[in-house]
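So the structure is just underneath, and the comments pick up after that.
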C-alpha cells in the first residue's frame, strides 16, 4: 500500500507538471504575439464611426482589467494562475455579462458525455475485434473488418465528420445533424428530452467512434499476433487449455496494459477529434463554443476553453495512470 | 535498394495500393503547373456547372474550375504537410536520438517533456494561436507552430529504436572493433532508424494536412490560398451541399482521403516489411 | 505394449513461399525411433539439427509453415496415430497423458495471473476434482518438489528463476502423465541449479513412472539422466544406443567427435573442431548429410544416405564406414518427392 502511495504521488507530480507546462504555453501564446487583444477588441468596436477618445480610453482600461492584462508581466502571470485556480475567467464578451465559467460549465457536460461514450465504444469494440482478428488470422470476416479499419484509420477527424454529415445529412437524412436536442423540448429528465438527446448524439458519437476505432483495431491486432508467439501462450496451447480461456486470460489480458497506455497517450488527440466533431454537428459542447468565441473575438472565452481543455485532458490521463498498476502486477510501483 | 521496392510492389498488396494512390495524387500535383487559370482568380468560368466534358469536375459558385482548383489545392496542402513533417522530423529526430542514446537523467527529463506535449490537446492551443495572430497569420507561421507541437509522438518512437540499438550486441561489437561513433551511426544504425523516420514522416504529413484542413474549414487560415481546407471552407460559405453543388465538396474530400490512405498504406507496409516478426507472420499465414 | 512411443519415418518440413521465393527446410527427415515405457530417451545434437522441430511434431504443436508430410507417431495411450486424432480428442489427451517441460520455463507462466490460475487452467480440467480437493492435491505435489504452497498465490515475476523452473516441472507432472517431453529444460540455468532441477525431474519421473524424451545438446546432462541416447544431425538420426554404450564406444564419426570433445579430468590434449559448418536444412548435402565434414567420407556417402541399421541389440548406426551391413536407405531418393500430403492440415490454426 505504501508503494502505491508513492506511485500516486509520482503520477500526481506528472499531472501537475503537465498542467503547468500546458498553461505556460497558453500564457506564452497569448502574450508573446505581436497582436494585443485589447487593441483588437477596440479596433473592432470603433471601426464603425468616430468615437470619443476618452470613451476609448475608458474602454481600454476596462478591457485591460477584464483580460487581466494590466500591470507588469509578472503581475499578469500571477493573476493568470489565480484566475485559473478559481475558475474565473471573467465575463464573456460575446455573451456579456455571462461569465465564461458559466458558459464552459454548460458546454462541458456535452463534451464529456460525447467523449466518454465514444471512447468506451471505440476502445472496447476496437480492441475486442482487433484481438479476435489477431488470434483467428484466417477468418475472412475479420480480415474484411481489418481492411475497413486500415482504411478508416488515417482519416482525420474533420473529414470523417464531414463524410458522416454528408452521408446522413444529405444522402440518407434519417438522423438529426445539428444541435444537442430538439429546440422545442424542455431540458429536464423526461422521456422526450432524453430520447431527443440520444437521437442527436448518434451521429457525433458515430463520427468519433469511426475516427478512433481504426487505430485501436489495428494496434490490438498486431499486439495480439505478437503475444501469440510468447512462451506462455504457446505453452498453454500445448497443454490444451480451453481456447477461449487462452484468448481472454492469456492474450487479451496481457494486451490490455499497452492498450491502456495507448489510450492515455491518445486522449489529447481524441479530445481534439471530439471538439472538431462537435463543431461540425453543431453539438453544444466546447468545440462549438470555441469556434464561436474566436469568430466573435471573445478573448476570455477562448482563453478559458484552452485552459480547461488542458486541465481536463491531464486529469483524464492521470485517472488512467492510477488504474494502471491494478491491471498489470508487473508494474513496479517504484 | 531498388530491387527491394520492386519486390515490395509485386508482393505486398498494401505497398502497391499505396504507391498507386500516391502516384495519382502526385500526377494531380504535377498537373497543377499546367492550370490554364491563375488559381486565386475567381469568376473565370461560368459558375455552378455540374461535371461535364468541358469541366471534368464541374465549376463552383465562385466561377472557378473545380478540377484545376483541386490540383493547386492538393499541391499546396501537400507542400504544407511536407514542410511541417520536415520541420518536426528535425525536432523529433534530435530529441529521440539524444534521449535514446544518452539515457539516464537526460532521457527522463526529455521524456517527461515529451509526454506532456503528447497529452496537451492541440486544437485549442492552435485556435488560441490563430486568435492572437489574426491577420498576421501566415502559412509559414502556422507550419512552425504545428511543427513545434507535433513532434512528441514520433520522438518517442525514434527513442525506442535508438534505445534498442544502443543495447544490441552488434553495437558493442562495433565499438570493440574500433569503429568510430560516426561510422557506427551511419553504417550500423541508420538502416534501422530510416524506416521509422520514413513511416513517421508519412503519418506526420497526414496529420498536418488533417489539421490544416480543419483549421482552414473554420476559416482560421489564409483563405485566399487554395488548399483542400480552404476549398471546403468556400464551399461551406456558399452552402454548396444544400444548393446541390456537391462536386465542390466531394472532389477535395475524395482527393484528400486518397492522399491519406495512400501515404498511410506506404508507411504501414514499409514498417511491416522492416520488422522481421511481421514478415515471418506473413510467411506463415 | 512395452513401447510408450513409436515414431516411424517421420518427415516434417517448413514450407514457405514469400516474395516469389519457395523454400523447403527439411528439419525432420525420416526419423524412426521407439521409447520404452518408464525410460528416458535422450536426444542430442547441435543447434539447428532439428531437435526442437522433432519435439514440436511429437507434441502435436505444429504451426504453419511447419507441416508434417509423412510418417507415423503412435503413443501407447492412444489407439491411433497422433495426427489422426480430432481436435477434441487431442485436447483431451493433452496434459493428462502427454505434457511438456520447455526451454525458457522462466516464461511459461502467464505474467498477469497468479500461479494458481495456471494450475487451474492446465490441470483442473483433467483431474476432475472439486476445487478445494484439487488445490490440496496441488499443494501436496508442490511439497514433493520442495515448493511452499505460498507459491500458488504469487505472480510469476515474484519468483526466482529456479523456483519458476520447479513450478513448471510441478505443472507438467501434476496430472501424472504417461509421457513427458522435455526440451532443454536446464539450459538457461547455472550448473548448481541445473543439478537440483535434474535430480527433481528424475525423481518425479521415477515416482510417476512416465516415459520421457529429453532433448539437450549437453552430453554431460545426458550422461546423468538419459537411459538411451539418440544423436541427431541435420534432421536425421545418425546413431542410437544406451547412454553408456555411446559414451564409452561411439561409432558414427560425428558421435565420435562429440564424445572426444568432452573435457575429461587429466586430459590435456588440444581439441580440434570439426571442419565446415552445420549444413543448411533448406539445401542439405546429397546422400549422407555429414559427408562434407566427415574424415571417413567415401563415394557412396555422396550418393545416397545410409539407413539407420541395427548392428547389435539396441544399437543403431547410419554410416557406411562402420559396417558393411549399412545400406542406402531404400526410400532415399523417392522420399522427398513422394507425398507432399499435408498430414497436419487438421491442425492449421
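Residue numbers (the working numbering), protein chains in the order written: chain A, 362 to 695; chain B, 1401 to 1685; chain C, 64 to 412. Heads up, the beta-carbon is just placed ideally off N, CA and C, and yes, glycines get one too.
Unbroken alpha helix (DSSP H) run spanning residue i, endpoints
i	result
residue 625 of chain A	614–642
residue 655 of chain A	647–656
residue 561 of chain A	552–588
residue 1482 of chain B	1466–1502
residue 472 of chain A	461–496
residue 364 of chain C	362–366
residue 521 of chain A	518–527
residue 324 of chain C	It is not in any alpha helix (DSSP H) - residue 324 of chain C carries neither H nor E in the DSSP assignment.
residue 359 of chain C	Note, residue 359 of chain C: premise wrong, no alpha helix (DSSP H); not H, not E.
residue 422 of chain A	414–428
residue 400 of chain A	398–407
residue 1579 of chain B	Run containing residue 1579 of chain B: none; DSSP gives neither H nor E here.
CB-CB length for residue i against residue j, believed under 8 Å
i	j	result
residue 597 of chain A	residue 611 of chain A	5 Å
residue 271 of chain C	residue 236 of chain C	6 Å
residue 473 of chain A	residue 675 of chain A	The Cβ separation is near 14 Å, so there is no contact.
residue 318 of chain C	residue 294 of chain C	5 Å
residue 233 of chain C	residue 210 of chain C	6 Å
The ligand FMN heavy atom lying under 7 Å from the CB of residue i
i	result
residue 1534 of chain B	Because no ligand of any kind appears in the structure shown, any question about the ligand FMN cannot be addressed here.
Proximity to residue i [Cα-Cα], best of the options
i	options	result
residue 1480 of chain B	B/1607, B/1594, B/1662 and B/1498	B/1607
residue 112 of chain C	C/255, C/90 and C/388	C/90
residue 487 of chain A	A/613, A/396 and A/393	A/613
residue 533 of chain A	A/556, A/503 and A/564	A/564
residue 639 of chain A	A/381, A/617 and A/569	A/569
residue 175 of chain C	A/615, A/648 and A/562	A/615
residue 377 of chain A	B/1503, B/1405 and B/1519	B/1519
residue 591 of chain A	C/172, C/178 and C/97	C/172
residue 1528 of chain B	A/498, A/391 and A/540	A/391
residue 153 of chain C	C/199, C/220 and C/121	C/121
residue 1648 of chain B	B/1532, B/1455, B/1466 and B/1659	B/1466
Short Cβ contact (8 Å threshold) for residue i with residue j
i	j	result
residue 1500 of chain B	residue 1560 of chain B	yes
residue 524 of chain A	residue 1653 of chain B	yes
residue 629 of chain A	residue 1521 of chain B	yes
residue 141 of chain C	residue 274 of chain C	no
residue 687 of chain A	residue 372 of chain A	no
residue 214 of chain C	residue 230 of chain C	yes
residue 518 of chain A	residue 633 of chain A	yes
residue 356 of chain C	residue 297 of chain C	no
residue 438 of chain A	residue 1641 of chain B	no
residue 366 of chain C	residue 248 of chain C	no
residue 381 of chain C	residue 371 of chain C	yes
residue 291 of chain C	residue 303 of chain C	yes
residue 1584 of chain B	residue 1571 of chain B	yes
residue 107 of chain C	residue 282 of chain C	yes
residue 87 of chain C	residue 104 of chain C	no
residue 1625 of chain B	residue 1476 of chain B	yes
residue 1473 of chain B	residue 1621 of chain B	no
residue 440 of chain A	residue 429 of chain A	yes
residue 1442 of chain B	residue 1471 of chain B	no
residue 552 of chain A	residue 1657 of chain B	no
residue 160 of chain C	residue 242 of chain C	yes
residue 476 of chain A	residue 578 of chain A	no
residue 461 of chain A	residue 665 of chain A	yes
residue 1416 of chain B	residue 1605 of chain B	no
residue 607 of chain A	residue 594 of chain A	yes
residue 1495 of chain B	residue 1453 of chain B	no
Identified DSSP bridge partners for residue i
i	result
residue 85 of chain C	C/80
residue 75 of chain C	C/91 and C/131
residue 242 of chain C	C/161 and C/274
residue 378 of chain C	C/375
residue 66 of chain C	C/99
residue 1459 of chain B	B/1465
Endpoints, beta strand (DSSP E) assigned at residue i
i	result
residue 295 of chain C	291–296
residue 300 of chain C	299–305
residue 106 of chain C	103–107
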